[in-house]
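Presented below is the structure to which this report refers.
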Amino acid sequence: MVQVTMEVGRLRAFVDGRWAAIREEVRAQIRASELLRPGDGLSIEDYRARVLEQARMVSQTKSARLFFPREYGGEGDMGGALTAFETIALVDLSLLVKVGVQYGLFGGVIRRLGTERHHQRYLRAAMTMELPGCFAMTETGHGSDVQSIRTTATYDASREAFVIHTPDDDARKDYIGNAARDGRMAAVFAQLITGGEGRGVHVFLVPIRDERGRPCAGVRIEDCGLKGGLNGVDNGRLWFDQVRVPRDALLDRFGTVARDGAYSSPIANETRRFFTMLGTLVSGRVSVAGAGLSATKLAMTIAIRYGLVRRQFRAAGSDQEVIILDYLQHQRRLLPALATTYAMHFAQQGLVESLHKAADGDSANESEQRQLETLAAGLKAVSTWHTTQTIQTCREACGGAGYLSLNRLTELKADTDVFTTFEGDNTVLLQLVAKGLLTNFRDEFGSMDTVGLVRYVADQVVGAVLERTAARSLAQWIADLMPGGEEEANLLDRRYHLYLLAWREKHVLEAAARRLKKLIANGGDAFTAFNAVQDHLLLAARAHVDRVVLEYFAAAVDRCGDPEVKALLSQVCDLYVLALLERDRAWFLEHGQLSAARAKAIITNVNRLCRELRPHARLLVDAFGIPEELLPDLVREAEAARVGR
951 MVQVTMEVGR LRAFVDGRWA AIREEVRAQI RASELLRPGD GLSIEDYRAR
1001 VLEQARMVSQ TKSARLFFPR EYGGEGDMGG ALTAFETIAL VDLSLLVKVG
1051 VQYGLFGGVI RRLGTERHHQ RYLRAAMTME LPGCFAMTET GHGSDVQSIR
1101 TTATYDASRE AFVIHTPDDD ARKDYIGNAA RDGRMAAVFA QLITGGEGRG
1151 VHVFLVPIRD ERGRPCAGVR IEDCGLKGGL NGVDNGRLWF DQVRVPRDAL
1201 LDRFGTVARD GAYSSPIANE TRRFFTMLGT LVSGRVSVAG AGLSATKLAM
1251 TIAIRYGLVR RQFRAAGSDQ EVIILDYLQH QRRLLPALAT TYAMHFAQQG
1301 LVESLHKAAD GDSANESEQR QLETLAAGLK AVSTWHTTQT IQTCREACGG
1351 AGYLSLNRLT ELKADTDVFT TFEGDNTVLL QLVAKGLLTN FRDEFGSMDT
1401 VGLVRYVADQ VVGAVLERTA ARSLAQWIAD LMPGGEEEAN LLDRRYHLYL
1451 LAWREKHVLE AAARRLKKLI ANGGDAFTAF NAVQDHLLLA ARAHVDRVVL
1501 EYFAAAVDRC GDPEVKALLS QVCDLYVLAL LERDRAWFLE HGQLSAARAK
1551 AIITNVNRLC RELRPHARLL VDAFGIPEEL LPDLVREAEA ARVGR
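The opening position of the sequence shown corresponds to residue 951 in this note's numbering, with each subsequent residue numbered one higher.
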């Protein structure tokens, strides 16, 4: 058992990571401002007004400037920006989404897909919120399949203008943040048509309201109304009836239209161009994962602190009721989830570091950018699923107190529910991860439709996958990692943990590739073959993310220079991976990677680790650094309830 007597500051300093100063700066702003508090009991209109006021306050701080280049008054610090917004999410997830739409999506699409004239004209106004904007991608008929959206932008050479049009209600822009109330301009994704020929999806800057807040000519706006959560965000619907915008409204980094209507692009293949455009906006997924983790940390802090004061039932021979976190089952509910939250935190930190290094696509080569997109998709999916499951667990762990709105857990449940489907449906995102895993030849792969993809896998990838997995025998690999063999390997040996997760990933990927090859060889069509192996592909993607998360956590532990912090985090990492193996032990048993005895030993060790980490539970949640001003006083509520009995 690890003996830890450290002050929370030592652990927090390591957990906060590279951008610790920015985290603390935002925390200080939260502590100092009454405005930066959750709004309770407000009407939807008052709630939206409060969130807008909060967003305007944020626009006057360094947090807003971090997203934007220095030449336009910003700080040019992508990692710092994402870190600041993770911390802002603790205040209210509606605020996070509001500023995320303004800076990460509206400002981000101008920066990433626009050129110098767009930057000069719009970036400062976006940064200061002088120009509130929208990101109009999703349509009623197409959410995940953005490439098939039906809003059109037809070039009229005689007037050097694009005509933006919504052909029917299925093509209306839907669920658009900032559209219902505050937005004045929308970045509209539409099918570009020049000379009667479709050029694929491009983005256009389209005014939707004038300076007095009235809809522009040809623009129809409708409020989505009350939602299941995030009601401080004014989601709306947009229709465009032959709305004309000038030629320079096209964000033309990857495709431009000359005055005569001639189209040119540095990327000839339309599908590849489309995915390159979307890839530059990867920071949105990273931000959603980070915000979800902030909500998870808040929920865990509430549940752990409540569990440390709430008492129920007397032990034999005692005149005091038992603290509920002293019950093993309560520890099992919360502490593995806490360990997973730490694992996701360090993986998120690693992803933010990579995104910062790549400058969100500006300086990364194409291969590195694709790898970053794959990692962002996978972590967003797995992390937000963890968020929704963990907040529900925390709500249940707090009983009736957790169901009270003032204690924030139901708010967090409602607000994070959509995180699993916006900025990419999680299941679709894992399919993108699987696509990336099937081959190292990402350049060819990225430009293929499903038919080309499956044929390519059948012809080339299977051999490569099998060659990699057969390059060294499994027995030799185990011998190298653990000379005594699997049964003598230390159950807490990190090399053993990494081996198990890496072996699963390779095995599942190989099996998926074999199934694809067999289906195609037997005359199956490409779509049917791909559809038939989706279960395997999704499992391969999840196995990949699990392995990557463990690698990030293990690397964080290894680089920690404080011996006490390192020892504690190592034990948290043990609990994370053993709880994962416990969850998936049926698979490892089926595939001969765990004996029955070892599977039982995993359960025993999870119990032991829960007991040993129980004294450090408060330290571990306090290290998240959540300002006391944002925490409900469940301790007081629990004590008041006891006095009232």
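All C-beta atoms in this analysis are idealised placements derived from N, C-alpha and C, irrespective of residue type, glycine included.
So who's on the other strand from residue i, going by DSSP bridges?
i: residue 1154; result: 1138 and 1200
i: residue 1186; result: 1126 and 1173
i: residue 1147; result: 1144
i: residue 1089; result: 1123
i: residue 1103; result: 1114 and 1142
i: residue 1193; result: 1114
i: residue 1165; result: 1159
Assign residue i to one of three DSSP states: helix, strand, or coil.
i: residue 1080; result: coil
i: residue 986; result: coil
i: residue 1425; result: Its pLDDT being 40, under 50, residue 1425 is placed unreliably by the model, and nothing is read from it.
i: residue 1357; result: helix
i: residue 1306; result: helix
i: residue 1382; result: helix
i: residue 1574; result: coil
i: residue 966; result: helix
i: residue 1111; result: strand
i: residue 1471; result: helix
i: residue 1584; result: helix
i: residue 1071; result: helix
i: residue 1487; result: helix
i: residue 1159; result: strand
i: residue 1294; result: helix
i: residue 1376; result: helix
i: residue 1324; result: helix
i: residue 1597; result: Absent from the structure is residue 1597, since the part of the chain shown begins at 951 and ends at 1595.
i: residue 1131; result: coil
i: residue 1317; result: helix
i: residue 1525; result: helix
i: residue 1518; result: helix
i: residue 1367; result: helix
i: residue 1066; result: helix
i: residue 1511; result: coil
i: residue 955; result: coil
i: residue 1300; result: helix
i: residue 1443; result: coil
Using only alpha-carbon positions, find the residue among the options that is nearest to residue i.
i: residue 1386; options: 972, 1487, 1299 and 1481; result: 1487
i: residue 1362; options: 1045, 1021, 972 and 955; result: 1045
i: residue 1549; options: 1537, 1122 and 1342; result: 1537
i: residue 1007; options: 1077, 1513, 1219 and 1142; result: 1077
i: residue 1114; options: 1176, 1195, 1166 and 1160; result: 1195
i: residue 1451; options: 1481, 1320, 1154 and 1496; result: 1496
i: residue 1074; options: 1189, 1049, 1152 and 1014; result: 1014
i: residue 1170; options: 1449, 1118 and 1270; result: 1118
i: residue 1253; options: 1342, 1574, 1227 and 1347; result: 1347
i: residue 989; options: 1088, 1042, 1323 and 982; result: 1042
i: residue 1562; options: 960, 1207, 1278 and 1092; result: 1278
i: residue 1004; options: 1087, 1048, 1322 and 1022; result: 1048
i: residue 1089; options: 1059, 1502, 1072 and 1189; result: 1189
i: residue 1228; options: 1442, 1085, 1547 and 1021; result: 1085
Curious, which full-length alpha helix (DSSP H) runs of at least 4 residues does the segment 991-1060 contain?
-> 994-1009, 1012-1015, 1028-1038 and 1043-1049
Can you find at least 3 beta carbon pairs, one from the segment 1328-1338 and one from the segment 997-1008, that sit closer than 8 Å?
-> no
Counting Cβ pairs closer than 8 Å, one from the segment 1050-1058 and one from the segment 1258-1278, do we hit at least three?
-> no
Contact the segment 1179-1196 vs the segment 1114-1133: 3+ CB pairs below 8 Å | Judged by pairs of C-beta atoms under 8 Å, the segment 1179-1196 touches the segment 1114-1133, as three or more such pairs exist.
Within the segment 1197-1284, ranges of the alpha helix (DSSP H) (whole runs, at least 4 residues) = 1220-1229 and 1233-1257
Do three or more CB pairs link the segment 1438-1457 to the segment 1351-1358 at distances below 8 Å?
-> no
Counting Cβ pairs closer than 8 Å, one from the segment 1216-1226 and one from the segment 1291-1310, do we hit at least three?
-> no
Can you give, in chain order, each stretch of the alpha helix (DSSP H) that sits fully within the segment 1528-1581 and has at least 4 residues?
-> 1535-1540, 1546-1563 and 1567-1572
So, do the segment 1100-1120 and the segment 1134-1154 have three or more beta carbon pairs nearer to each other than 8 Å?
-> yes
For the segment 1511-1531 and the segment 1562-1574, state whether three or more C-beta atom pairs, one from each stretch, are separated by less than 8 Å.
-> At 8 Å Cβ cutoff, the stretches touch.
When the Cβ atoms of the segment 1093-1105 are set against those of the segment 1232-1250, are three or more pairs found closer than 8 Å?
-> As far as the Cβ criterion goes, the segment 1093-1105 does not touch the segment 1232-1250, which means the pair count is below three.
Inter-stretch contact at 8 Å, needing at least 3 Cβ pairs: the segment 1365-1372 / the segment 1524-1535 | no
With contact counted as at least three CB pairs below 8 Å, one residue from each stretch, are the segment 1022-1036 and the segment 968-976 in contact?
-> Segments in contact, yes.
Taking one C-beta from the segment 1195-1208 and one from the segment 1160-1167 each time, how about it: are there three or more such pairs within less than 8 Å?
-> no
Validate contact between the segment 1286-1297 and the segment 1330-1342 using beta carbons, cut 8 Å, 3 pairs | yes
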